[in-house]
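K.L.:
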């Protein structure tokens, strides 16, 4: 695996999460395979490079991979001093014999140890600063604890702006990151993967990340208090991402500069956004609560002081326990000043349309966000026996402010042709007076016969009494493009003789 580990090290179910971890590593600002044009040099033999001022030459050296930058020291005594005084980008994949194009070592051994030794040599020999450091090849174990501490001491002393640090041993071992991590005061972006977080209760007063703007914790084992500590000592933090957390988290978010928060593929018992006056985007994606298998209780999502929150998702009605202010939202909860978040303009939800408790909770969730203009709903495959539902459940719902007065875009994803999906779309069509676009995104792996069921549902939908006469409907399918990726008709048009899927092969 180019971005993962040897298959013998990976248990079933872990490969997808590890692939996710490696696929989204930040890209280095320099490459071992740049595109260069040497046409002018072929005809002009004049040494124009040596005529450039030192500051410009330092800039040139700083754009080279660390290994190539070090090689410039043999050109002349002048170049030797330039490399030592220039900023250096250190990326351990650049130290592989084949550069970026070579897979990372998939097992500990001579190759991975050579990379580790090369990183130590680079950190020792260059005085810094390091604008970008990415270390993702080494297999660090308990025997390397001193080496690990030394690396962070050097980075803290010489300065590092962006650090990507992913360990390779799998499954995770009890090797914590050294406390000297918190001495790297110059850090602006930090991406940690597959580590045990240091115990923050033992740290001295005054440590922290005064310049940290973005933090990604991927497969990092940490206590609730550690996350709370990091937020407290990162006064300018704007982006927080927690993905693949294998230890149940009860996250309490209090930070006045946070603008975007994401929890993905993690065991999360509770996320409480207590005080985040700058928060604009809040994402929850494919998290779970270990207790759900016993009590059917999902993650608790608490929303407190978030006056600038604009984008929220994915909420799961009937699964997530939504608490706004001090009120737990239930089916039939009355809307009030303390049970709404009027700043949210884009809302995304996931639910099983065949599960009664989830469908019945959806209106209550929607009432909590009265100003939503873009509503995204993902229809999930029903994993439990489907409930007997009818259109009556929507006819008796009553008014929902965001649907009646604000929703302009409605997007239903992963459509499977379930009657309950189209009952919901009919409710939107007949109540959303400002609706401009309705997107119906068909599930990729439907059979030809299942797609025909979707078409039949859409045909019936067009006979609804649309509240907005100007709404346009678009079908989208990432698997089979329809008319170049979409197919549009004005609401109220006659679809009786049209089949947007007629060109699809039955297989």
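Numbering (my numbering), first residue to last: 51 to 557.
Even glycine gets a Cβ: it sits at the ideal position worked out from N, Cα and C.
1) Which partner residues does residue 133 have in the DSSP bridge list?
2) Could you name the residues that DSSP lists as bridge partners for residue 487?
3) Give the DSSP-derived three-state secondary structure of residue 300 in the structure shown.
4) Quick check: what's the CA-CA separation for residue 121 versus residue 188?
5) How close, in whole Å, do the beta carbons of residue 228 and residue 202 come, if the pair is a contact with beta carbons under 8 Å?
6) So who's on the other strand from residue 314, going by DSSP bridges?
7) Out of curiosity, what's the CA-to-CA distance linking residue 194 and residue 101?
8) Would you report the Cα separation of residue 261 and residue 212, rounded to the nearest angstrom?
9) Would you report the Cα separation of residue 503 and residue 429, rounded to the nearest angstrom?
10) Which same chain residues, not among the five before or five after residue 362, have their C-beta less than 6 Å away from its C-beta?
11) Could you pull the start and end residues of the beta strand (DSSP E) that residue 211 belongs to?
12) Using 9 Å as the threshold, is the C-beta distance between residue 295 and residue 279 below it?
13) Closest by CA to residue 512, which one among 215, 476, 334 and 467?
14) Of all the beta strand (DSSP E) runs that stay within the bounds of the region 403 to 482, which reach a length of 3 or more residues?
15) Please return the same chain residues whose Cβ sits closer than 7 Å to the Cβ of residue 199, not counting the five positions on each side in sequence.
16) Compute the Euclidean distance between the alpha carbons of residue 382 and residue 310, then round it to the nearest angstrom.
17) Going by the CB atoms, is the gap between residue 74 and residue 141 shorter than 9 Å?
18) Give every residue of the same chain whose Cβ lies closer than 8 Å to the Cβ of residue 611, excluding the five residues on either side of it in the sequence, and list them in chain order.
19) Rounded to the nearest angstrom, what separates residue 134 and residue 144 at their Cα positions?
20) Quick one: what's got a C-beta closer than 8 Å to residue 233's C-beta in the same chain, skipping five residues either side?
21) Distance, Cα to Cα, residue 463 vs residue 490?
22) Taking the alpha helix (DSSP H) that residue 279 belongs to, which residues open and close that run?
23) What's the gap between the Cα of residue 479 and the Cα of residue 255?
24) Could you give the residue range of the beta strand (DSSP E) that holds residue 373?
25) With burial defined as no fewer than 16 other Cβ atoms inside 10 Å of the residue's Cβ, what is the status of residue 80: buried or exposed?
26) Quick one, which of 123, 148, 252 and 146 has its alpha-carbon nearest residue 136's?
27) Have a look at residue 27 and residue 523 and give me their C-alpha separation to the nearest angstrom.
P.N.:
Answer, in terms of the structure:
1) In the DSSP output, where bridge partners are listed per residue, residue 133 has none listed.
2) 459 and 522
3) strand
4) 23 Å
5) 5 Å
6) 293 and 335
7) 45 Å
8) 11 Å
9) 16 Å
10) 332, 394 and 397
11) 210 to 216
12) no
13) 476
14) 424 to 429 and 459 to 465
15) 228 and 230
16) 31 Å
17) no
18) The shown model of the chain, from 51 to 557, leaves out residue 611, and the question about it has no answer.
19) 19 Å
20) 202, 203, 206 and 257
21) 6 Å
22) 274 to 282
23) 58 Å
24) 371 to 374
25) buried
26) 123
27) This structure cannot speak to residue 27, because the chain is shown only from 51 to 557.
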